[in-house]
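*Asks:* In terms of this note's numbering, the numbers along the sequence shown are unbroken and rise by one, the last being 663.
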Amino acid sequence: VPNDSSQIVYVWIDALINYLTVAGYPNELVHWPPNCQIIGKEIIRFHAIYWPALLMGLNLELPHQLIVHGHWLKDDRKMSKSVGNVIDPFDLLRKFQCDGVRYCLLREDILSQDANF
Numbered sequence: 547v548p549n550d551s552s553q554i555v556y557v558w559i560d561a562l563i564n565y566l567t568v569a570g571y572p573n574e575l576v577h578w579p580p581n582c583q584i585i586g587k588e589i590i591r592f593h594a595i596y597w598p599a600l601l602m603g604l605n606l607e608l609p610h611q612l613i614v615h616g617h618w619l620k621d622d623r624k625m626s627k628s629v630g631n632v633i634d635p636f637d638l639l640r641k642f643q644c645d646g647v648r649y650c651l652l653r654e655d656i657l658s659q660d661a662n663f
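1. Are Y565 and W597 closer than 9 angstroms when you measure CB to CB?
2. Could you check which residue in Q643, L575 and D655 has the C-alpha nearest to that of L604?
3. So, under 8 angstroms CB-CB, I584 and H615 are touching, yes? Tell me the CB distance rounded to an integer number of Å.
4. Thinking just about the alpha-carbon of each residue, which of S628, G586 and P580 is nearest to the one in A569?
5. With a CB to CB cut of under 7 angstroms and the five nearest residues on each side skipped, what residues in its chain are close to L601?
6. Under 9 angstroms, do K627 and D660 count as touching if we go by C-beta distance?
Laid out in structure tokens, this is it:
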């Protein structure tokens, strides 16, 4: 927080504000509000509680729809870079065409639920 080193801004609050920065705030907002906002389930609290509260405090319109997706699992465990069990999307693209990868990901996933890869 400027001029007060005893105060800090929680990283997710700062990240949420970036959505407005990209849209042109505080000047003319471009493409606001979004028709649809897609997020992962682990950050739903920030996007369903804090983000709307910030927008209402600024008298800005809320996103029209919030879509929450689950995790991709590998061997019934959430894929994670820190665990090292992720699948490199570029490897998939070398083996399959882009549309095939998209189709597979969309077909196998059920929104708001986890899905095995």
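The beta carbon of each residue, even a glycine, is placed where N, CA and C say it ideally should be.
*Replies:* Looking at the atomic coordinates:
1. yes
2. L575
3. 7 angstroms
4. P580
5. L608
6. no
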